[in-house]
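S.K.: Counting with our numbering, you get residues 39 to 622 for the letters of the first sequence.
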Amino acid sequence: MRFSSCYIPTLKESPADAEVISHKLLLRAGMVRRLTSGLYIYLPLGLKVMEKIAGIVREEMNAAGFQELLMPMVQPGDLWKETGRWEHYGKELLRFKDRNEREYCLGPTHEEVITDLVRGEVRSYRQLPVRLYQIQSKFRDEIRPRFGLMRGREFMMKDAYSFDADSAGAERSYKLMYDAYTRIFSRLGLRFRAVEADTGSIGGNFSHEFMVLADTGEDTIAFCHNCDYAANVERAEVTWQGEACAAACPPCEKVATPGAHSVEEVANMLHVPAASIVKTMLLTVDGKTVAVLVRGDREVNAVKLKNLLKAQDAELAGAAVVEGLTHAPVGFAGPIGLSVPVYADFELQGGTDYIVGANAADAHFRHVDLRRDATITAWADLRAITPEDVCPRCGGRIELTRGIEVGHIFMLGLKYSEAMHAAFLDETGKEKLMIMGCYGIGVSRVAAAAIEQNHDQNGIVFPPPLAPFTCILLNLDPRNAEVNARAEAIYALLREMDVDVLLDDRDERPGVKFKDADLLGVPMQLVVGGKGLARGIVECKDRRSGEKGELSVENLARDFSAWAAAVRNGWEKQQGPERSGPAL
RNA sequence: CGGAGCGUGGCGCAGCUUGGUAGCGCACCUGCUUUGGGAGCAGGGGGCCGAAGGUUCGAAUCCUUUCGCUCCGACCA
C-alpha cells in the first residue's frame with residue numbers, strides 16, 4: 039500500500055475526550071473515530087488490525103473444529119422471554135418494537151438464537167456435538183461507555199457455542215476452546231493469564247476469563263506464586279485458617295461517635311485499628327435488603343454474596359434504604375437489632391470485642407461479641423482476597439495484578455437447553471438435554487488491550503501478528519529521482535517477498551514521516567534516503583526496541599529476512615514462555 | 001441514576017466575570033524558500049459561538065429550557 043493513497047488521518051494532538059492511552063493512540067493513529075458515545079467508526083487501518091485479530095481467531099476456531107456461521111444482530115424478544123433474560127438481563131439489553139409492535143432487541147450475545155437454531159435441527163445423539171461460532175458486532179447498552187474501544191456499546195466479538203450429548207463431551211468442547219484461546223493470545227503476542235471467573239449474567243456452572251495483563255485493566259486478578267491457581271478477585275476464594283476466638287468480651291456499651299461515618303473516622307476517634315471494627319454493609323439482593331459484615335480493613339465482595347444467596351444480582355443499597363433501616367444517616371449501620379438477614383465473613387469469628395455501628399446517628403457500640411450480641415444468619419466467605427491471604431489450593435503466596443478481560447469461556451450446562459428445551463434422543467431412545475458451552479472473545483477490545491500493553495511515548499508498538507503492516511518503508515525524498523527509484527524498487531522487492539509493506543511516498547518532510555511511522559506502531563521501519571544510499575545502505579529500525587541497523591541495498595532480500603527474524607525473536611523473548619494457566 | 005464539568009472553523013483552545021457584532025495554535029489553500037525527527041516567511045479560505053425561547057437598542061457573553069459529550073461515584077456504611 040502507498041501512504042499517499044490511503045486514508046490515514048493522523049493527529050498531532052489527541053482529542054480532549056480520550057482518556058486512556060489506547061483510545062488516544064487509536065484516534066491519533068487514524069484508526070478509529072467516535073460517532074457518538076460508545077460507538078466507533080473503524081477507519082481502514084483500524085479495520086485492518088481488527089481483521090488481523092479476527093483472522094487468527096478464525097484460524098484457531100476452525101482448527102479446533104468449530105464452524106463459522108452468521109446470525110442476525112436483531113433478535114426477537116420472545117426468545118429472550120423463554121430464558122427469562124428479557125427480565126433479568128437489565129437495561130444493557132436494548133429493546134425496541136417494529137412497525138407491528140413486535141418486540142425485538144439488539145443482540146448483546148447469541149445464546150438464545152443459536153439454541154433456537156440447534157433445537158430445531160438436532161434430534162439425535164448422532165448429530166452431536168455441534169460446535170459453531172461467529173464474528174460479529176454486538177450491542178450492549180452499557181451504564182457508562184468509556185475508555186474508547188475498551189468499553190464501547192457496539193463492539194466486535196467472536197462468540198462460539200457448543201452442544202454436547204453428555205458432560206464428558208461438554209468438557210472436551212470446553213477444553214478445545216480453552217486451548218484454542220491460549221493459542222490465540224499467544225499467537226497475538228500478548229502477555230496474558232487465564233483465570234477462574236464468575237459467570238455473571240451469562241450464567242452456567244463455571245468459567246474462565248482470559249486477561250491481558252496491563253496496569254490500566256478494569257479487573258483485578260489474584261494468582262498464586264507457588265501453583266497455577268489464578269482467579270478474578272470477584273471469585274478468588276479466601277480460606278480462613280484461624281480458630282474461633284474464645285476470649286471473654288466485656289459487656290456491650292454505646293459510645294458517641296459524632297460525625298464518624300467511615301471506618302477510618304471511627305478508628306481515629308476511638309483510637310483503635312480498623313481491624314477491630316466491623317463494617318456493616320447493606321446490599322440489595324434481588325430486591326431484598328441484607329446486611330454483610332466484614333472486618334473494617336476488608337472489602338465486601340458482592341459477587342460472593344450473590345452466589346451464596348443464588349441471586350441474580352447484588353448491589354449496594356441506596357442511602358434511602360440505609361436510612362430507613364438504621365434510622366440514621368449512612369455510616370452508622372450495625373448488626374444489632376437489624377431487621378434483615380445478617381451474613382458475616384468467616385474471618386470475624388477469629389476475634390471479639392468489636393466496634394459496630396449502633397443503628398443510630400453519631401453512635402457505635404463497643405465490646406461487641408457478634409455471637410452474643412447479634413443474630414448472624416450465616417457465616418461465609420464474603421470478602422475480597424488480599425495479598426495477605428494465601429492460595430486456596432496450596433497455601434502459597436498470593437499476588438494481585440490488573441488485567442483486561444479479552445476472552446471468557448463458560449460451561450453453561452443445562453441453563454439454556456432446559457429453558458428452551460434443546461433436547462435429543464440418546465442411544466436408548468431416551469430424551470436428554472444438550473449440554474452447552476459458550477465462548478467469547480472481544481475482538482475490538484483485544485486491539486485496545488494490545489495497545490494498552492504495548493506502547494511508548496511515541497505511539498503504538500504493535501505486536502507483529504496484529505500490526506496493520508509488517509513493515510513501513512520511508513521514502514525520505516520522493517522528489518529526488520534516485521532516492522525515489524530506489525524506494526520504489528525496494529517496495530517492489532518487499533512485495534515480491536510477500537511482506538505486507540506500507541510505502542510512505544508522501545511529499546512530506548522527513549520528520550513527519552518518522553513521527554507517523556512511530557505513531558502507527560508498524561513493527562519494522564525501513565528508511566530510504568540520500569545519505570544512506572550514498573553508502574549503499576538503507577536504515578532499519580525495530581519499533582519495539584528502537585534498535586537501528588543498516589541493510590545493504592545490494593543484498594536487501596537476504597539482509598531483510600535476517601533482520602525480520604531478529605525482530606520476531608525479540609518479541610518472542612519479551613512475551614516469555616507460554617503460560618498454561620489453571621488446570622481444568 | 002446521583003454529582004461535577006464542557007459544547008466557540010476539521011482538531012486543541014481563548015473570549016463569557018464587567019453584553020457592543022469572534023480570536024489564537026495546529027490542520028487546509030496559494031507562492032517563495034527549505035528538506036534525515038511533526039519547517040520558515042508572506043498571502044488566503046473556512047465558524048448563523050450545540051439547539052430553542054427570553055431579557056436588551058444590541059447576546060458567544062445574562063436568564064430559562066433542551067440536546068449532546070466527558071469525567072467522578074456504585075466499597076461511603
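Backbone N, C-alpha and C fix where the C-beta goes; we use that ideal spot for every residue, glycine too.
Quantities reported herein were computed from a predicted structural model and do not represent experimental measurements.
Taking the straight line between their C-alpha atoms, what separation do you get for K348 and D55?
M.R.: The residue given as residue 348 occupies position 310 in the first sequence. The residue given as residue 55 occupies position 17 in the first sequence. Cα-Cα distance, rounded: 40 Å.
S.K.: Enumerated in chain order, which unbroken segments of the beta strand (DSSP E) with a length of 3 residues or greater are wholly contained in the region 133-170?
M.R.: Fully contained in the region 133-170 are the following beta strand (DSSP E) runs of length 3 or more, in chain order: 133-135 and 141-144.
S.K.: Secondary structure at P289, three-state DSSP: helix, strand or coil?
M.R.: In the first sequence, residue 289 corresponds to position 251, counting from 1. Looking at P289 - three-state DSSP - the assignment turns out to be coil, as it is neither helix nor strand.
S.K.: Helix, strand or coil for D217 per DSSP?
M.R.: As a first step, residue 217 is located in the first sequence; it is residue number 179 there, counting from the start. In this structure, D217 counts as helix in the three-state DSSP scheme.
S.K.: From this set, E209, L81, M109 and E97, which residue's C-alpha is nearest G475's C-alpha?
M.R.: Translated into positions along the first sequence, residue 475 becomes position 437. Nearest Cα to G475 within the set E209, L81, M109 and E97: E209.
S.K.: If you check the beta carbons only, do V693 and Y267 fall under 7 Å apart?
M.R.: Since the first residue of the chain shown is 39 and the last is 622, residue 693 is not available in this structure.
S.K.: Within 10 Å of its beta-carbon, does H309 have 16 or more other beta-carbons around it, so buried, or fewer, so exposed?
M.R.: Residue numbering aside, residue 309 sits at position 271 when the first sequence is read from its first letter. With fewer than 16 Cβ atoms within 10 Å of its Cβ, H309 is classed as exposed.
S.K.: Among the candidates D554, E98, V156 and C287, whose CA atom is the shortest distance from the CA of S224?
M.R.: Counting from one through the first sequence, the residue named residue 224 turns up at place 186. Distances from the CA of S224 to each of D554, E98, V156 and C287 were compared; the closest alpha carbon is that of E98.
S.K.: So, for V537: in the same chain, excluding its five sequence neighbours on each side, which residues have a beta-carbon less than 6 Å away from its beta-carbon?
M.R.: Along the first sequence, one-based indexing puts residue 537 at 499. Contacts found: T508 and C509.
S.K.: Which one or two residues does DSSP pair with E247 in a beta bridge?
M.R.: Taking the first residue of the first sequence as position 1, residue 247 is located at position 209. According to DSSP, which records beta bridges pairwise, E247 is partnered with V233 and H446.
S.K.: At the level of alpha carbons, what is the spacing between A602 and M562?
M.R.: Position 564 of the first sequence holds residue 602. Position 524 of the first sequence holds residue 562. A602 and M562: Cα-Cα distance of roughly 8 Å.
S.K.: Could you check which residue in L514, A206 and E426 has the C-alpha nearest to that of G434?
M.R.: The residue labelled residue 434 in the question sits at position 396 within the first sequence. Checked all of L514, A206 and E426; the closest Cα to G434 is E426.
S.K.: Pop quiz: G480 and V444 are said to be a contact at Cβ under 8 Å. What is the actual Cβ separation, rounded to whole angstroms?
M.R.: Within the first sequence, residue 480 is the residue found at index 442, counting from 1. Within the first sequence, residue 444 is the residue found at index 406, counting from 1. 6 Å between Cβ atoms; contact.
S.K.: For the beta strand (DSSP E) containing H405, name the first residue and the last one.
M.R.: Numbered from its first residue, the first sequence carries residue 405 at position 367. First-last of the beta strand (DSSP E) with H405: A401 to V406.
S.K.: Is it true that the CB of A371 sits closer than 7 Å to the CB of T364?
M.R.: Sequence index remark: in the first sequence, residue 364 carries index 326 (1-based). Sequence index remark: in the first sequence, residue 371 carries index 333 (1-based). Cβ atoms of T364 and A371: closer than 7 Å.
S.K.: Taking just the CA atoms, how far does I489 sit from A252?
M.R.: For this step, residue 252 is matched to residue 214 along the first sequence. For this step, residue 489 is matched to residue 451 along the first sequence. Cα to Cα, A252 sits roughly 10 Å from I489.
S.K.: Who are the Cβ neighbours of Y199 in its own chain at under 6 Å, not counting the five residues just before and after it?
M.R.: As a working note, residue 199 is residue 161 in the first sequence. Correct list, in chain order: I152, L170 and C476.
S.K.: Given a threshold of 16 other Cβ atoms within 10 Å of its Cβ, counted over all protein chains shown, does G395 qualify as buried or as exposed?
M.R.: Against the first sequence, residue 395 aligns to sequence position 357. Per the 10 Å Cβ criterion, buried.
S.K.: What is the DSSP secondary structure of L320, counted as helix, strand or coil?
M.R.: The count along the first sequence starts at 1 and reaches residue 320 at position 282. DSSP places L320 in strand when its eight states are reduced to three.
S.K.: Look at the alpha carbon of K483 and the alpha carbon of A530, and state the distance between them as a whole number of angstroms.
M.R.: For the purposes of this step, residue 483 is taken as the residue at position 445 of the first sequence. For the purposes of this step, residue 530 is taken as the residue at position 492 of the first sequence. Note that residue 483 is Arg in the sequence shown, not Lys. Taking the straight line joining both Cα atoms gives about 34 Å.
S.K.: Can you tell which of S245, R182, K176 and V328 has its C-alpha closest to the C-alpha of T147?
M.R.: Counting from one through the first sequence, the residue named residue 147 turns up at place 109. Closest by alpha carbon: K176.
S.K.: Could you have a look at F104 and say whether DSSP puts it in helix, strand or coil?
M.R.: As a first step, residue 104 must be located in the first sequence, where it is residue number 66. Looking at F104 - three-state DSSP - the assignment turns out to be coil, as it is neither helix nor strand.
S.K.: Tell me whether S205 sits in a helix, a strand or coil according to DSSP, three-state version.
M.R.: On the first sequence, residue 205 is found 167 positions in, with the first residue counted as 1. DSSP places S205 in helix when its eight states are reduced to three.
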